[in-house]
Amino acid sequence: MAQEALKPRLSPLAMTTFKYEDTYVKVTYCRPHIRDREVFGNIVPFGKVWRTGANEATEITITEDIQMDGHPVKAGTYTLFTIPGKEKWTIILNTELGQWGAFDYNPDKNILTFDVPVQKTDVVYEPFTINFANKGEVVTLQLIWNTTMVEIPITFD
2 MAQEALKPRL
12 SPLAMTTFKY
22 EDTYVKVTYC
32 RPHIRDREVF
42 GNIVPFGKVW
52 RTGANEATEI
62 TITEDIQMDG
72 HPVKAGTYTL
82 FTIPGKEKWT
92 IILNTELGQW
102 GAFDYNPDKN
112 ILTFDVPVQK
122 TDVVYEPFTI
132 NFANKGEVVT
142 LQLIWNTTMV
152 EIPITFD
């Protein structure tokens, strides 16, 4: 048993952060890898709620009120679910924390849903990657896997 606990996860835990003045945003997620599989439309089906990573559902912590894609979001910790599609993804912030996967996803706990367009990258991202990109007045939270990317614009109040 103890030896199994020491084995590294196939989809390791990761964290990305961004600080703007007094506001701190942290995303905690697990990083699945492509491993010669077709990702979107296969292991991550189109049109179904996804945990936005592997293992535990992805969580985002925000220390001050912000806006995501122009929508107000109060400081707090939320589960970040997504519904991937070929042309757009639905972004979901949900108040039910500590979930494994999206098996117990409850839409009644959603505080925000909105759509963002799908973009393509010039390079292949083998592990699923979440990071922040500072684009002047706006910061984007990027969700990237294989050659698929979606960006969530964040502005600080």
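Residues in the sequence shown are numbered from 2 upward in steps of one, following this note's numbering.
Glycine is no exception: its CB is placed at the ideal position from the N, C-alpha and C atoms.
1. When burial is assigned at 16 or more other CB atoms within 10 Å of the CB, is residue 88 buried or exposed?
2. Drop a sphere of 10 angstroms on the beta-carbon of residue 92, count the other beta-carbons inside from all chains shown, and report buried for 16 or more, exposed for fewer.
3. Tell me residue 20's beta-bridge partners as DSSP assigns them.
4. Does residue 73 come out as helix, strand or coil in the three-state DSSP assignment?
5. For the segment 38-120, which segments carrying the alpha helix (DSSP H) assignment without a break, of at least 4 residues, lie completely within its bounds, in sequence order?
6. Does the Cβ of residue 86 lie closer than 8 Å to at least one heavy atom of the ligand ADP?
7. Here's a check: name, in chain order, each residue in its chain whose Cβ is nearer than 6 Å to the Cβ of residue 31, leaving out the five neighbours to either side.
8. Counting along the chain, where does the beta strand (DSSP E) carrying residue 162 start and finish?
9. Can you round the beta-carbon distance between residue 147 and residue 117 to whole angstroms, since I take them to be within the 8 Å contact cut?
10. Does DSSP put residue 9 in a helix, in a strand, or in coil?
11. Would you kindly check if the distance between the Cβ of residue 145 and the Cβ of residue 59 is under 9 Å?
12. What does the alpha-carbon distance come out to for the pair residue 68 and residue 152?
13. What residue from 75, 10, 66 and 97 has the CA that sits closest to residue 81's CA?
14. I'd like to confirm the pairing. Which residues does DSSP put opposite residue 129 in its beta bridges?
The relevant details are as follows:
1. Taking the first residue of the sequence shown as position 1, residue 88 is located at position 87. With fewer than 16 other Cβ atoms within 10 Å, it is exposed.
2. Residue 92 sits at position 91 when you count from the first residue of the sequence shown. It counts as buried.
3. The count along the sequence shown starts at 1 and reaches residue 20 at position 19. According to DSSP, which records beta bridges pairwise, residue 20 is partnered with 25.
4. Translated into the one-based positions of the sequence shown, residue 73 becomes position 72. In this structure, residue 73 counts as strand in the three-state DSSP scheme.
5. none
6. With respect to the ligand ADP, the structure shown offers nothing to examine, as it has no ligands at all.
7. By 1-based counting over the sequence shown, the position of residue 31 is 30. Counting only Cβ-Cβ distances below 6 Å, and skipping sequence neighbours, we find 12, 14, 54, 55 and 56.
8. Nothing in the structure corresponds to residue 162, since the chain is present only between 2 and 158.
9. Within the sequence shown, the letter at position 146 stands for residue 147. Within the sequence shown, the letter at position 116 stands for residue 117. Not a contact, Cβ separation roughly 17 Å.
10. Position 8 of the sequence shown, counted from the first residue, corresponds to residue 9. Correct three-state label for residue 9: coil.
11. Looking up residue 59 in the sequence shown gives position 58. Looking up residue 145 in the sequence shown gives position 144. Not closer than 9 Å, so no.
12. Locating residue 68 in the sequence shown gives position 67, counting from the first residue. Locating residue 152 in the sequence shown gives position 151, counting from the first residue. Approximately 14 Å between the Cα atoms of the pair.
13. For the purposes of this step, residue 81 is taken as residue 80 along the sequence shown, with counting starting at 1. Ranking the options by Cα distance to residue 81, first place goes to 97.
14. What you label residue 129 is simply residue 128 of the sequence shown in a count that begins at 1. Residue 129 pairs with nothing; no bridge assigned.
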